[in-house]
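Below is one structure; the comments refer to it alone.
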Amino acid sequence: MSEDHKETFITKYIFCQDHKMIAKQFLITGMLMGIVGMVMSLLFRLQLSNPGESFAVLEWFLGEKWAPDGVLDPNMYLALVTMHGTILVFWVLTAGLTGTFANFLIPLQIGARDMASGFLNMLSYWFFFGATIVMICSLFVESGPASAGWTVYPPLSALPEAIPGSGFGQDLWLVGMALFIVSSLLGGLNYIVTVLNLRTLGMSMMRLPLTIWALFITAIIGVLSFPVLFACALLLIFDRSFGTSFYLSDIILNGEALHNTGGSPILFEHLFWFLGHPEVYIILLPALGLVSEVISVNSRKPIFGYKAMVGALIAIAFLSFIVWGHHMFITGMDPFLGSVFTFTTLLIAIPSGVKVFNYLTTLWKASIRFTPAMLFAIGFISTFITGGLTGLVLGDSALDINVHDTYFVVGHFHIVMGISAIYGMFAGVYHWFPKMYGRMMNKKLGYIHFWITFISAYGVFFPMHFLGLAGLPRRYYTNSEFPMFDNLTDINDVITFFAIIGGLIQLIFVFNFFYSIFKGRKTVQNPWKSNTLEWTAPIERMHGNWPGEIPEVHRWAYDYSKPGAEEDFIAQNIPLKEGETEH
Amino acid sequence: MTNILIIVVVFLIVITLVQLLRVGDLLSEIKNVDNNKVTDKDNNAQAFLFFMIGGVIYLALVLWQFKYWGIHILPPASSVHGETIDTLMDVTMSLIIFVFFITQPLLAWFTYRYRRTKNKAALYYPHNNKLELIWTIVPTIVLTGIILYGLSVWNNITMSDNSEATVVEVYAKQFNWTARYSGDDNTLGKADFRKVKGANVLGVNMEDPFSKDDKITNEVHLVVNKPVLLIFRSQDVIHSAFLPHFRVQMNCVPGMITQFAFTPNQTTAEMKIQEGEDFEFTLLCNKICGIAHYNMQMKFIVETQEEYDAWLASKANLSEKLLTSK
Amino acid sequence: MELTINKNKTSKQLLWIGIVAIIMFFAGLTSAYVVRKAEGNWLEFVMPSWFLLSTIAIIISSILLWISVKRIKADKHSFIFIFITLLLGILFSYSQIQGWQQLVSEGIYLTGEGSNPSGSFLYVITLLHLLHLAGGLITLGVSTINAKKGKYTSSNYLGIELTSIYWHFLGVLWIYLFLFFQYI
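Chains as they are written, first to last, in this note's numbering: chain A, 1 to 583; chain B, 1 to 326; chain C, 1 to 184.
Right, here's the structure in full:
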């Protein structure tokens with residue numbers, strides 16, 4: 001039942017209300033911003049492993065002002081670190097991951113024509129686009145982009161006299177984030193309402209693919225946590241522009257005592273991390289969802305422990321709201337509070353562990369088909385184990401005393417977000433590319449992309465644990481001012497080496513992606529022989545997704561290699577045979 | 001000029017790649033073969049690669065790193081509570097390394113062993129509640145143990161009795177540290193940021209009788225085996241006082257007073273023998289605070305009572321230093 | 001067979017979840033208030049008497065709006081009720097601004113010399129409520145025009161229903177904030 005409205009270029013590609021096109025808009029914007037964020041990391045890595053040395057490429061990218069004679073300016077170093085974090089956490093891993101896959105997969109996998117409100121969905125993208133423009137503009141501000149870290153703690157982020165990036169650059173950052181939050185909320189509203197109301201006949205909640213569960217729960221987390229960041233940022237805007245003292249107190253800068261009294265920077269930290277922690281699960285859960293699907297399809301086996309997997313997602317989501325204090329163990333908070341947060345934080349290891357064990361059991365006695373997507377999904381398990389385990393060190397308040405804000409933390413969060421979650425995203429792109437574009441991505445390039453990324457990523461981030469245990473703080477422009485760090489230069493060199501290789505190889509992915517959109521081998525109806533509903537929709541995408549009636553669902557999504565079946569998969573819309581029981 | 005050259009080269013590389021891919025696709029069309037399809041050959045190759053790279057080599061390199069880079073980590077703690085942290089760290093690291101060296105080999109092995117060959121069927125094994133219970137309950141028990149252990153270490157550190165501790169203030173600002181000794185009364189005089197002026201860099205209220213014997217220094221000396229209570233303030237933005245060798249870290253927050261108590265149990269001299277002549281206990285800033293965040297340092301020296309007394313005696317009292325009648 | 005999408009149901013759910021988001025926003029702000037208050041250096045003062053008028057205005061407006069929707073469901077005229085609701089909304093806004101001016105005249109400032117976080121919070125939180133109310137006024141305005149045009153019938157009243165849900169929410173939120181500032 002396609003809609004008979006006249007389509008112009010504008011309504012088809014630009015102000016489109018079709019969820020599939022909006023998904024692609026998110027994906028491509030996310031990818032392009034990802035390139036920007038990644039280049040930033042290469043620039044500051046050059047400085048870190050070769051402090052004070054001149055690099056023509058630095059001056060080429062940043063200009064004479066920010067890299068005079070090819071040496072990175074210390075303020076610009078902090079700006080790059082800040083914007084790298086902001087772009088990768090929010091633009092790539094939140095909007096790029098959820099915005100793409102929630103939009104693309106939810107209607108198709110639950111059997112709906114589109115989202116509950118195509119209009120709100122379209123707005124969600126255009127707020128995101130606006131946020132992107134504002135953030136990009138902030139890079140060109142004369143006093144520099146925001147530089148107080150992606151966590152923008154005041155007073156540093158509130159006072160331009162403390163660091164130049166906290167001038168207009170920080171204003172734009174805050175505006176950009178406000179627009180971003182609105183975009184996320186608009187998207188989240190749609191995802192929740194669509195999953196609750198628009199499931200096709202027979203698609204009960206417990207027949208939903210895990211991907212949908214993950215995206216659904218992610219949206220709930222977002223609706224509950226992003227508004228608090230909005231409040232947090234608003235109070236910061238008031239402190240910056242209207243002279244209030246929510247976060248500022250007892251400050252002397254440039255010899256002048258500021259008028260603010262009564263404010264508390266720790267209040268900011270509480271409000272920020274109330275979002276900040278759930279945020280990392282907003283990043284992780286969609287990746288878990290995508291990986292669950294990719295692993296199951298390519299193992300030709302049901303995902304092990306579907307109910308436990310759903311329960312684990314819910315447990316992780318719930319716990320994610322009561323652990324935020326573990327970012328604040330050394331702020332001087334009440335030690336009892338520290339104990340509470342240690343307790344809740346280490347508890348999150350339990351559902352996370354259940355998921356890992358379930359993935360391993362899914363692979364046991366499987367029949368694994370190694371598509372590039374599957375490699376990334378397996379890589380996800382490897383890195384999620386590695387990164388998750390170091391969380392046990394960081395979550396313990398007593399241990400955190402000596403590793404907080406060191407490279408140990410940088411290693412941990414990069415491995416779980418910068419590798420695991422990104423692998424989930426790559427797996428999703430390689431796997432659903434045929435559905436998005438009707439063509440296949442090149443397999444060999446996919447393999448090359450995976451292996452070089454896998455090796456480089458571990459090469460960059462595993463050594464960081466040792467830097468952290470050696471006491472090396474993060475966000476340092478150079479490590480050469482402290483003799484105690486002199487023997488760490490070898491490790492830093494290795495990290496930069498792999499960072500450059502790993503960064504550059506992503507271009508193969510970008511190339512593969514765009515080449516395949518136009519020249520990729522045309523796909524068949526169900527290239528992965530998957531059970532989920534999206535593969536029953538026509539290859540040439542259409543409004544309303546299915547030409548006739550929407551398929552009715554008769555079983556869960558994981559009947560792979562079911563005994564008694566003719567093929568090793570039974571799609572969700574295939575009715576039960578005579579005498580067959582549903583799982 | 002170079003820029004144009006770079007753009008041209010990049011452009012040519014992209015074109016080459018495109019053509020290579022086109023050739024590959026055309027060839028496969030001629031041969032009537034889908035060169036993009038995942039074959040058993042692929043499964044064998046990729047599975048083997050993962051077993052070797054994601055399994056054997058990865059684990060070997062992890063061990064290599066522990067051996068060759070593990071020597072760079074901080075020396076054992078030089079404080080009483082620090083030793084308890086180190087033990088907790090050893091236990092926790094042992095636990096996670098143990099889990100790591102079980103799960104990663106399993107992953108690598110399953111990936112290789114269960115690769116798809118000759119259309120071999122998978123096992124339809126959707127759930128097993130007993131297994132789920134096992135790997136929920138066992139981690140819960142283990143984690144409860146670690147949590148209780150961790151909390152006891154934390155409580156000992158944070159709820160220590162500081163009545164005997166020497167009180168020293170550490171004052172952070174962009175971009176250096178200043179220390180203030182509390183003198184014989186072991187009480188710091190009150191301070192207010194509005195009183196920072198001229199030589200009164202810490203804004204001490206000289207009308208407070210406790211301020212008279214305070215001393216301002218730019219180095220901190222401590223007596224070995226004697227407890228000290230560090231009081232932290234900041235003048236401008238959030239800094240963090242990080243003393244890695246003592247396992248001490250505490251944010252310095254403008255508008256707030258924070259503190260951390262510990263007892264150093266190794267002298268600087270002892271550490272110099274152990275770690276080399278250049279060794280110093282160092283205070284670093286560990287919270288992003290501006291352009292020179294990477295270079296905010298202050299020396300901490302742990303010495304005998306006599307050396308300490310001599311050093312402290314050489315420092316002027318605030319009442320003399322400020323020479324005001326206020 | 002395909003399930004038909006119930007636009008009434010989904011639109012209302014979308015609005016409700018949006019309302020949850022706004023609740024979390026104010027929860028964050030009022031939590032911040034509580035945390036800050038516990039730290040001392042907190043100037044106590046009474047709420048401006050104008051805010052009492054705000055409360056009465058918004059409660060009456062909700063009652064009238066509720067009556068309007070009821071009448072529409074019974075296919076009766078409701079324009080005048082919706083219009084008065086709108087006027088009361090404007091009265092609410094006016095009384096808020098007067099309340100702020102009353103605070104200023106009593107020496108409670110948002111910022112600058114002599115200001116205190118207790119005042120700053122009150123200004124910011126009530127301002128944000130008013131901004132959300134501005135959105136409500138716009139939808140009320142649209143509803144008023146639609147009611148005049150006779151658009152709403154017993155079988156087509158989704159627009160006014162959504163407006164009224166949001167408006168009642170704003171009223172409940174105001175009552176919460178009013179009591180919160182009064183007693184906490």
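We put the CB at the ideal spot given by N, CA and C, even for glycine.
A quick note: this is a predicted structure, and the numbers were derived from the prediction, not measured.
(request) Reducing DSSP to helix, strand and coil, say where residue 583 of chain A ends up. (result) coil
(request) Report all residues from its chain with a CB closer than 8 Å to the CB of residue 165 of chain A; omit the five preceding and five following residues, and keep chain order. (result) 75, 78, 79, 82, 143, 144, 145, 146, 147, 148
(message) For a cutoff of 9 Å on Cβ pairs, would you count residue 80 of chain B as touching chain A?
(response) no
(request) Pick helix, strand or coil for residue 560 of chain A, following the three-state DSSP scheme. (result) strand
(message) Just checking: is the beta-carbon of residue 180 of chain B within a distance shorter than 9 Å of some beta-carbon in chain A?
(response) no
(message) Using beta carbons (cut-off 9 Å, strictly below), is residue 175 of chain C in contact with chain A?
(response) no
(message) So, with DSSP's three-state summary, where would you put residue 152 of chain C?
(response) coil
(message) Pull the bridge partners of residue 250 of chain B from the DSSP assignment, please.
(response) B:241
(request) Could you check which residue in B:274, B:152, B:9, B:187 has the C-alpha nearest to that of residue 168 of chain B? (result) B:187
(request) Report yes if the CB atom of residue 305 of chain A is closer than 9 Å to the CB atom of residue 139 of chain B, and no otherwise. (result) no
(request) Measure the C-alpha to C-alpha separation of residue 474 of chain A and residue 131 of chain C and round it to an integer number of angstroms. (result) 40 Å
(request) Report yes if the C-beta distance between residue 463 of chain A and residue 500 of chain A is below 9 Å; otherwise report no. (result) no
(request) From the DSSP output, in three-state form, read off residue 56 of chain A for me. (result) helix
(request) Would you mind working out which of A:172, A:326, A:574 sits nearest residue 274 of chain A, comparing C-alpha positions? (result) A:326
(request) Would you mind telling me which residues of chain A sit closer than 7 Å to residue 298 of chain B, beta carbon to beta carbon, in chain order? (result) Chain A residues near residue 298 of chain B: none, gap ~12 Å exceeds 7 Å.
(request) Taking only the alpha-carbon atoms, compute the straight-line gap between residue 371 of chain A and residue 66 of chain B and give it to the nearest angstrom. (result) 33 Å
(request) Note the first and the last residue of the continuous beta strand (DSSP E) segment covering residue 234 of chain B. (result) 228–234
(request) Just tell me which of A:523, A:294, A:195 has its CA closest to the CA of residue 218 of chain A. (result) A:195
(message) At the level of alpha carbons, what is the spacing between residue 237 of chain A and residue 157 of chain A?
(response) 10 Å
(request) Could you tell me the distance, in whole angstroms, from the CA atom of residue 46 of chain B to the CA atom of residue 36 of chain B? (result) 14 Å
(request) Just tell me which of B:248, B:319, B:315 has its CA closest to the CA of residue 79 of chain B. (result) B:248
(request) For residue 227 of chain A, return the contacting residues in chain C, with the cut-off set at a CB-CB distance below 9 Å. (result) 20, 21, 22, 23, 24, 25, 26, 27, 28
(request) Return the CA-CA distance between residue 354 of chain A and residue 147 of chain B, expressed in angstroms with no decimal places. (result) 19 Å
(message) Tell me which residues of the segment 251–274 of chain B have at least one Cβ-Cβ distance to chain A shorter than 7 Å, keeping chain order.
(response) 251, 253, 254, 255, 256, 258
(message) If we define contact as Cβ-Cβ less than 9 Å, is residue 232 of chain A a contact residue for chain C?
(response) yes
(request) Report the neighbours of residue 492 of chain A on chain B: residues whose CB is nearer than 7 Å to its CB, in chain order. (result) None at all; the shortest Cβ gap to chain B is about 11 Å.
(request) Give the range of the beta strand (DSSP E) segment to which residue 176 of chain B is assigned. (result) 176–181
(request) Select from B:266, B:114, B:82, B:293 the residue whose C-alpha is nearest the C-alpha of residue 481 of chain A. (result) B:293
(request) Taking residue 279 of chain A as the reference, give the member of A:99, A:89, A:314 with the closest Cα. (result) A:89
(request) Look at residue 15 of chain A and residue 177 of chain A and say whether their C-beta atoms are less than 9 Å apart. (result) no
(request) Tell me whether residue 304 of chain B sits in a helix, a strand or coil according to DSSP, three-state version. (result) coil
(message) Between the alpha carbons of residue 374 of chain A and residue 284 of chain A, how many angstroms are there, rounded?
(response) 18 Å
(request) Determine the closest residue to residue 490 of chain A out of A:506, A:459, A:62, with distance taken between C-alpha atoms. (result) A:459
(request) Pair every Cβ in the segment 91–100 of chain B with every Cβ in the segment 333–349 of chain A, then say whether three or more of these pairs are closer than 8 Å. (result) no
(message) Among C:110, C:165, C:148, C:177, whose alpha-carbon lies nearest the alpha-carbon of residue 43 of chain C?
(response) C:110
(request) For residue 9 of chain C, go through chain A and note every residue whose CB falls closer than 8 Å to its CB, in chain order. (result) 197
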